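There are 2 protein chains.
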Amino acid sequence: MSEVLLPQPYLLFLGDTTEPGYAKTAFGLRDWAGERCIGEYACQGATVSTGLPFLTPEQAYAAGARSMVIGVANSGGYIPFTWHAALLRAMEAGLDIISGMHARLRDFDVLREAADQLGRKLIDVRQPPAGIPIASGAPRKGKRLLTLGTDCALGKKYTALALARAFSNRGIDATFRATGQTGILIAGGGIPMDAVVADFAAGAAEMLSPEADANHWDVIEGQGSLFHPAYAGVSLALLHGSQPDVIVVCHEPGRKHVLGHPGYEVPGIAETIDLALRLGSRTRPSIRCAGVSLNTAKLDEESARRLIAWESERLGLPVADPMRGGASFDRLVESCLA
Amino acid sequence: MSEVLLPQPYLLFLGDTTEPGYAKTAFGLRDWAGERCIGEYACQGATVSTGLPFLTPEQAYAAGARSMVIGVANSGGYIPFTWHAALLRAMEAGLDIISGMHARLRDFDVLREAADQLGRKLIDVRQPPAGIPIASGAPRKGKRLLTLGTDCALGKKYTALALARAFSNRGIDATFRATGQTGILIAGGGIPMDAVVADFAAGAAEMLSPEADANHWDVIEGQGSLFHPAYAGVSLALLHGSQPDVIVVCHEPGRKHVLGHPGYEVPGIAETIDLALRLGSRTRPSIRCAGVSLNTAKLDEESARRLIAWESERLGLPVADPMRGGASFDRLVESCLA
Numbered sequence: 000m001s002e003v004l005l006p007q008p009y010l011l012f013l014g015d016t017t018e019p020g021y022a023k024t025a026f027g028l029r030d031w032a033g034e035r036c037i038g039e040y041a042c043q044g045a046t047v048s049t050g051l052p053f054l055t056p057e058q059a060y061a062a063g064a065r066s067m068v069i070g071v072a073n074s075g076g077y078i079p080f081t082w083h084a085a086l087l088r089a090m091e092a093g094l095d096i097i098s099g100m101h102a103r104l105r106d107f108d109v110l111r112e113a114a115d116q117l118g119r120k121l122i123d124v125r126q127p128p129a130g131i132p133i134a135s136g137a138p139r140k141g142k143r144l145l146t147l148g149t150d151c152a153l154g155k156k157y158t159a160l161a162l163a164r165a166f167s168n169r170g171i172d173a174t175f176r177a178t179g180q181t182g183i184l185i186a187g188g189g190i191p192m193d194a195v196v197a198d199f200a201a202g203a204a205e206m207l208s209p210e211a212d213a214n215h216w217d218v219i220e221g222q223g224s225l226f227h228p229a230y231a232g233v234s235l236a237l238l239h240g241s242q243p244d245v246i247v248v249c250h251e252p253g254r255k256h257v258l259g260h261p262g263y264e265v266p267g268i269a270e271t272i273d274l275a276l277r278l279g280s281r282t283r284p285s286i287r288c289a290g291v292s293l294n295t296a297k298l299d300e301e302s303a304r305r306l307i308a309w310e311s312e313r314l315g316l317p318v319a320d321p322m323r324g325g326a327s328f329d330r331l332v333e334s335c336l337a
Numbered sequence: 000m001s002e003v004l005l006p007q008p009y010l011l012f013l014g015d016t017t018e019p020g021y022a023k024t025a026f027g028l029r030d031w032a033g034e035r036c037i038g039e040y041a042c043q044g045a046t047v048s049t050g051l052p053f054l055t056p057e058q059a060y061a062a063g064a065r066s067m068v069i070g071v072a073n074s075g076g077y078i079p080f081t082w083h084a085a086l087l088r089a090m091e092a093g094l095d096i097i098s099g100m101h102a103r104l105r106d107f108d109v110l111r112e113a114a115d116q117l118g119r120k121l122i123d124v125r126q127p128p129a130g131i132p133i134a135s136g137a138p139r140k141g142k143r144l145l146t147l148g149t150d151c152a153l154g155k156k157y158t159a160l161a162l163a164r165a166f167s168n169r170g171i172d173a174t175f176r177a178t179g180q181t182g183i184l185i186a187g188g189g190i191p192m193d194a195v196v197a198d199f200a201a202g203a204a205e206m207l208s209p210e211a212d213a214n215h216w217d218v219i220e221g222q223g224s225l226f227h228p229a230y231a232g233v234s235l236a237l238l239h240g241s242q243p244d245v246i247v248v249c250h251e252p253g254r255k256h257v258l259g260h261p262g263y264e265v266p267g268i269a270e271t272i273d274l275a276l277r278l279g280s281r282t283r284p285s286i287r288c289a290g291v292s293l294n295t296a297k298l299d300e301e302s303a304r305r306l307i308a309w310e311s312e313r314l315g316l317p318v319a320d321p322m323r324g325g326a327s328f329d330r331l332v333e334s335c336l337a
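Going down the list, the sequences are from chains A and B.
Note that numbering that gives the first Met the number 0 has the first sequence beginning at 0, numbered continuously upward.
Note that numbering that gives the first Met the number 0 has the second sequence beginning at 0, numbered continuously upward.
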């Protein structure tokens with residue numbers, strides 16, 4: 000499979016970051032790919048830490064690391080000049096560099112020339128692979144689950160990761176399939192759906208979750224929302240190409256408006272399920288919704304439990320917050336596998 | 000506006016084509032942009048003609064032509080070696096070269112070097128413009144019509160062209176907005192939606208039909224189909240970004256299966272209208288369907304008239320074949336403008 004594949008294990012690079020909110024990629028890697036993260040490294044002045052051991056690039060390479068991942072973002076998504084020395088040192092130490100940022104590593108002359116001279120790779124995970132086909136729409140073997148959201152940035156990736164892990168813990172053969180840069184870094188591979196040329200987007204989804212053993216589950220990270228004024232086309236292409244047997248709809252209670260689009264109300268959960276099943280049945284007639292993932296991070300334990308129970312009753316479906324786990328999450332997992 | 004803009008008038012190049020089906024672009028330009036087509040040119044052995052005068056590149060340049068358009072395709076969408084001499088001669092004569100094919104003109108060393116040396120442009124209209132924004136979803140002034148299809152390749156472009164022409168004939172300020180390579184050649188500008196990166200597809204549609212005078216109509220060429228297993232995402236992005244006041248659904252009677260996807264039935268007209276209005280109302284709450292365009296090219300006059308009448312009765316909407324015109328088409332135009 001010609002998806003992006005990444006040299007591992009990782010050394011996580013934190014730049015000169017003082018704001019934990021900018022280190023979401025590093026935290027996501029620590030939480031979901033901890034076994035592939037050897038340590039962290041940062042410029043002087045950084046105050047954010049993942050809690051992993053601080054290693055110089057030389058120490059990390061000696062300990063087995065094969066790449067350094069830029070685990071932080073800044074508001075522009077760019078790669079500041081002040082990080083270059085650290086990136087060069089990592090390449091000298093034998094590490095490839097991996098970035099999920101908008102800026103391309105190869106667009107910096109000094110990084111490109113150093114990499115070419117040292118024989119290192121500069122890997123931009125937002126770059127889709129070559130050879131993506133037009134979607135065939137043909138049915139394929141294997142089971143697939145897709146997370147869908149009522150909006151962006153409310154838990155589609157974490158829900159897919161938690162479900163894939165829960166499937167594996169039950170002895171089921173399951174693979175998390177990443178569609179965005181952080182997911183790709185966590186999985187060590189995937190396709191950045193948002194960077195694929197529109198005509199090939201459904202084909203990319205087919206490529207990402209290829210035919211598999213009848214009992215194998217691909218658990219696919221959703222993107223955008225079918226109601227999003229800018230990204231709905233990406234979401235629909237991913238839904239059509241993934242041909243999911245099962246969808247799980249992700250929602251953040253209390254979010255009123257689409258992030259960055261204050262004129263657009265977040266759609267209801269039931270409305271989202273209805274539209275997703277209608278559209279998804281075009282390529283997977285047996286598609287069904289197994290339940291709902293609620294992001295209750297802003298609620299206390301008791302409020303979260305009450306809301307989850309109430310929504311489950313109202314919708315007639317299993318509802319859980321995968322980050323809280325518990326019996327409600329077990330019911331959601333069972334509903335997926337039913 | 001930074002959409003593709005093309006040097007005109009055109010000399011139409013027919014290659015060495017002997018199969019009229021491969022010259023659809025040239026015929027489309029003759030039919031819809033005849034005032035911008037000075038003549039035709041071909042290699043020895045070509046038997047297909049548009050009926051326009053045969054001019055050498057030198058004669059065409061003297062007559063005012065500023066570009067030679069590759070008006071034929073072949074089954075691979077490539078640019079055969081045997082055309083190179085003609086393309087070089089055109090550049091020597093002063094003409095830029097325009098291509099709507101998959102192959103990029105600049106990928107041929109001999110063409111690129113000749114163009115650079117002579118100061119000519121090699122224009123691939125499948126190349127989207129730079130600077131396409133993420134869609135804002137914000138409402139904008141001006142009226143917009145979008146054609147939508149039950150499948151690909153059944154008349155969305157011709158319907159949009161015919162409606163734009165009919166609007167203009169009634170003294171209404173209207174602009175045809177092209178979204179595919181042939182449409183772009185006809186219009187002299189536009190955005191190839193299928194080549195835009197997925198995250199920017201709705202933004203491209205916003206860019207293509209920008210805010211305009213309240214009485215101005217943009218008549219936008221649809222792409223794909225909301226039911227297409229490979230291209231539905233493109234269709235949805237175009238629908239959301241276009242924010243149409245009015246849609247016209249295009250259908251070919253008798254087509255049973257999606258072109259190239261025999262496992263997929265062509266959806267019904269009523270089902271297509273219903274889904275398009277449901278999805279389109281997200282960014283244009285007042286969206287309505289003005290009627291249906293039937294491609295009756297395979298029917299005789301009497302059968303076409305009967306079918307149009309019957310479908311109009313059944314759907315409760317104006318139905319017409321824009322290529323046949325007549326009273327039914329007048330009713331469709333009036334319904335669009337109502």
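The beta-carbon is built from N, C-alpha and C at its ideal position, and this holds for glycine as well.
Since we're looking at a predicted model, the values are computed, not measured.
Review point. Hey, is T174 (chain A)'s beta-carbon within less than 7 angstroms of any beta-carbon in chain B?
Key: Residue-level contact by beta carbon fails for T174 (chain A) and chain B, as no gap is shorter than 7 angstroms.
Point to revise | Classification of K156 (chain B) by the beta-carbon crowding that lies within 10 angstroms, buried from 16 upward | key: A residue is called buried once 16 or more other Cβ atoms fall within 10 Å of its Cβ, and K156 (chain B) is buried on that count.
Exercise for review: Output, in chain order, the set of chain B residues within a Cβ distance shorter than 9 angstroms of M192 (chain A).
Suggested key: Correct list: A197 and D198.
Check your understanding: Can you give the Cα-Cα distance for I229 (chain B) and A137 (chain A), rounded to whole angstroms?
Key -> Note on identity: in this sequence residue 229 (chain B) is Ala, with Ile being the wrong assignment. Using only the alpha carbons, I get a separation of about 10 angstroms.
**Study point:** C-alpha distance - P321 (chain B) paired with F328 (chain B), whole-angstrom precision
**Key:** The alpha-carbon atoms of P321 (chain B) and F328 (chain B) are separated by roughly 6 angstroms.
Review point. In this structure, does DSSP put C335 (chain B) in helix, strand or coil?
Key: Residue state, collapsed to three classes: helix.
Point to revise | Interface flag, L147 (chain A) vs chain B, CB-CB below 7 angstroms | key: No, L147 (chain A) does not count as interfacial toward chain B.
Practice item. Select from the stretch 263 to 286 of chain A all residues with a C-beta closer than 8 angstroms to any C-beta belonging to chain B, and list them in chain order. Key: For the stretch 263 to 286 of chain A, which is checked against every Cβ of chain B, the residues closer than 8 angstroms are Y263, L274, R277, L278, R281 and T282.
Practice item. Check distances from the C-beta atoms of the stretch 132 to 147 of chain A to those of chain B and list, in chain order, the residues that come in under 8 angstroms. Key: Under the 8 angstroms Cβ criterion, the stretch 132 to 147 of chain A contributes I133, A134, S135, G136, A137 and P138.
Exercise for review: Following the continuous beta strand (DSSP E) through I190 (chain A), name the residue where it begins and the one where it ends.
Suggested key: Neither: I190 (chain A) is in no beta strand (DSSP E) and is coded neither H nor E.
Exercise for review: Could you tell me the distance, in whole angstroms, from the CA atom of W82 (chain B) to the CA atom of K120 (chain B)?
Suggested key: Going from the Cα of W82 (chain B) to the Cα of K120 (chain B) covers about 17 angstroms.
Point to revise | CB contact check: V233 (chain B) to chain A, cutoff 7 angstroms | key: Between V233 (chain B) and chain A, the shortest Cβ-Cβ separation is below 7 angstroms.
Review point. Exposed or buried, Y263 (chain B), counting other C-beta atoms within 10 Å across all chains shown (16 or more means buried)?
Key: Around the Cβ of Y263 (chain B), a 10 Å sphere holds 16 or more other Cβ atoms; the residue is buried.
Review point. Buried or exposed: which applies to T17 (chain A), given that a residue is buried once 16 or more other Cβ atoms fall within 10 Å of its Cβ?
Key: Exposed, by the Cβ-count rule.
Check your understanding: What's the call for R281 (chain A), buried or exposed, on a 16-neighbour Cβ count within 10 Å?
Key -> With 16 or more other Cβ atoms inside 10 Å of its own Cβ, R281 (chain A) counts as buried.
Point to revise | A211 (chain A) and G141 (chain A) closer than 7 angstroms at C-beta | key: Yes.
**Study point:** Residue range of the alpha helix (DSSP H) that includes D273 (chain A)
**Key:** I268 to G279 is the span of the alpha helix (DSSP H), which, as asked, contains D273 (chain A).
Check your understanding: Would the beta-carbon of I185 (chain B) fall within 7 angstroms of that of A59 (chain B)?
Key -> Between I185 (chain B) and A59 (chain B), the C-beta gap is not smaller than 7 angstroms, which leaves the two residues out of contact.
Exercise for review: Tell me whether E270 (chain B) is buried or exposed, calling it buried when 16 or more other Cβ atoms sit within 10 Å of its Cβ.
Suggested key: With fewer than 16 Cβ atoms within 10 Å of its Cβ, E270 (chain B) is classed as exposed.
Check your understanding: With which residues is F166 (chain A) paired in a DSSP beta bridge?
Key -> Answer by DSSP bridge pairing: none, since F166 (chain A) is not bridged.
Review point. Using DSSP with H/G/I as helix, E/B as strand and the rest coil, what is P6 (chain B)?
Key: If DSSP states are grouped into helix, strand and coil, P6 (chain B) belongs with coil.
Point to revise | Proximal chain B residues relative to H260 (chain A), where beta-carbon distance stays under 7 angstroms | key: Identification of chain B residues near H260 (chain A) by a Cβ-Cβ cut-off of 7 angstroms yields G136, ordered along the chain.
Practice item. Report the option in A:I131, A:Y9 and A:A92 whose CA atom is closest to the CA atom of G118 (chain A). Key: Of the candidates A:I131, A:Y9 and A:A92, the one whose C-alpha sits nearest the C-alpha of G118 (chain A) is A:A92.
**Study point:** Alpha-carbon spacing of G187 (chain A) relative to G324 (chain A), whole angstroms
**Key:** CA-to-CA, the gap between G187 (chain A) and G324 (chain A) works out to about 25 angstroms.
Exercise for review: Count the other C-beta atoms from every protein chain shown that fall within 10 angstroms of the C-beta of F226 (chain A), then say buried if there are 16 or more, exposed otherwise.
Suggested key: So F226 (chain A) counts as buried.
Check your understanding: Is any beta-carbon of chain A found at less than 7 angstroms from that of P228 (chain B)?
Key -> It does; some Cβ of chain A falls within 7 angstroms.
Review point. So, does the CB of E18 (chain B) fall closer than 7 angstroms to a CB anywhere in chain A?
Key: Chain A contact via Cβ: absent.
Practice item. Report, in whole angstroms, the separation of the C-beta atoms of L11 (chain B) and L51 (chain B), which I expect to be a contact under 8 angstroms. Key: Rounded, the Cβ-Cβ distance is 7 angstroms, consistent with contact.
Review point. Which one of B:F107, B:G148 and B:L314 has the shortest CA to CA distance from N294 (chain B)?
Key: When only C-alpha atoms are compared, the closest one is B:G148.
Practice item. Closer than 6 angstroms by C-beta to L162 (chain B): which residues in its own chain qualify, once you throw out the five before and the five after it? Chain order, please. Key: If we look at L162 (chain B) and ignore the five residues flanking it on each side, its Cβ neighbours are V218.
Practice item. Answer with yes or no whether the minimum CB distance from A236 (chain B) to chain A is below 7 angstroms. Key: The Cβ of A236 (chain B) sits closer than 7 angstroms to at least one Cβ of chain A.
Check your understanding: Considering only the beta carbon of each residue, do I268 (chain A) and V245 (chain A) sit closer than 7 angstroms?
Key -> At least 7 angstroms separates the beta-carbon of I268 (chain A) from that of V245 (chain A).
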